[in-house]
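The next block holds one structure in the form of structure tokens; read it before the comments.
Residue numbers (our numbering): 99 to 244.
Quick look at the structure:
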């Protein structure tokens, strides 16, 4: 479905966020740990990469640390996580509950869209801010993937 969406809307580049230590030493409760660790993210990324190659879509992976904490709307600087010396970074906005992010100016936006936009920024992809409006951040288009 992801590749079909890219082909239908003539999207030529797919940027996928990854977190190198996403499953290492997580502690989100016994049953949640068991369910989460079984999700084959690596397999999904390899499958997407192969399909992108087949259909002529550029595939890139981008490290995604702090992409959910930083505010895309406020253009926060997004550092790269370093386990040896974690950055003491303060961000202007805050994720207030599942799926909802509050900016410095108290605007509410979808936290997944905020994180995705920050991954785009970290990838150094040429991105036009003129095409992003607050309506898109607060009411994203829903895409169903089964």
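Don't be surprised by glycine CBs; every beta carbon is placed ideally from N, CA and C.
- Looking from the CA of residue 214, the closest CA among 110, 156, 116 belongs to 116.
- Taken atom to atom, the span from the alpha-carbon of residue 156 to that of residue 143 is near 13 Å.
- Note: residue 159 is bridge-paired with 114 in the DSSP secondary-structure output.
- Inter-residue distance for residue 205 and residue 194 is about 12 Å (C-alpha atoms, whole angstroms).
- Annotation for residue 212: the continuous alpha helix (DSSP H) segment containing it runs 209-220.
- Measuring C-alpha to C-alpha distances from residue 173 to each of 164, 151, 180 identifies 164 as the nearest.
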